[in-house]
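Residues are numbered in my numbering as their position in the sequence shown, beginning at 1, plus a constant of 7. C-beta: ideal position from N, C-alpha, C; glycine also.
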Amino acid sequence: MVPYGSAPSSRTNSPACGLPELWQAEWCPHSQRVRERLTELGVDFVARQVPADRERREELVELTGCETVPVLIAPDGATLRGTETILGWIEAHYAAGPDAEAHRRKAAEKHQELLDRECDCNAA
Ligand SMILES: N[C@@H](CCC(=O)N[C@@H](CS)C(=O)NCC(=O)O)C(=O)O
């Protein structure tokens, strides 16, 4: 078992080579927007985890100069900070394939299902 917090760093010979690396958190809505767009475009990526406490994100700060997520490290080593910058970079580098629209539709359906489950505003 790999001890908590000792996953291999992206700076060394990690299997992430050649893939964009997204420093993100599952609970972060900004990260979620980026993951969703990568899914729509069929882009494989490596999800990097950060500590919940921003004060403990030393590795992220050292690598990117930034303690908030999301941050994307492009395959050429460029560091993209901030959701809009990252989304702009993604648009400039990946074309939408035939599945993009289907992914968008499914996301909308699942979002609606979640709302229907969580919210009683549709109840008679
Ligand atoms: N302007 C940034 C905002 C990103 C942001 O606020 N990220 C939050 C998580 S959703 C964060 O890292 N906050 C610091 C923390 O975790 O306390 C962007 O557009 O990406």
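_For residue 107, tell me which candidate among 66, 117 and 49 has the shortest Cα-Cα distance._
Start at 1 with the first residue of the sequence shown, and residue 107 comes out as number 100. Selected option, being the one with the closest Cα: 49.
*residue 28 in three-state terms, based on DSSP*: On the sequence shown, residue 28 is found 21 positions in, with the first residue counted as 1. Of the three classes helix, strand and coil, the one that applies to residue 28 here is strand, per DSSP.
*Less than 7 Å between the CB of residue 90 and some heavy atom of ligand 1, yes or no?*
Translated into positions along the sequence shown, residue 90 becomes position 83. Yes, Cβ of residue 90 sits closer than 7 Å to a heavy atom of ligand 1.
*Can you give me the start and stop residues for the beta strand (DSSP E) that residue 102 sits inside?*
What you label residue 102 is simply residue 95 of the sequence shown in a count that begins at 1. Residue 102 -> no beta strand (DSSP E), and no H or E assigned at all.
*Who are residue 56's beta bridge partners in DSSP?*
Translated into positions along the sequence shown, residue 56 becomes position 49. DSSP lists 31 as partners of residue 56.
*Residue from 81, 115 and 110 whose Cα sits closest to the Cα of residue 100*: If you number the sequence shown from 1, residue 100 lands on position 93. The option with the nearest alpha carbon to residue 100 is 81.
*Output the distance between the C-alpha atoms of residue 84 and residue 128, rounded to the nearest integer angstrom.*
Counting from one through the sequence shown, the residue named residue 84 turns up at place 77. Counting from one through the sequence shown, the residue named residue 128 turns up at place 121. If you draw a straight line from the Cα of residue 84 to the Cα of residue 128, it is about 47 Å long.
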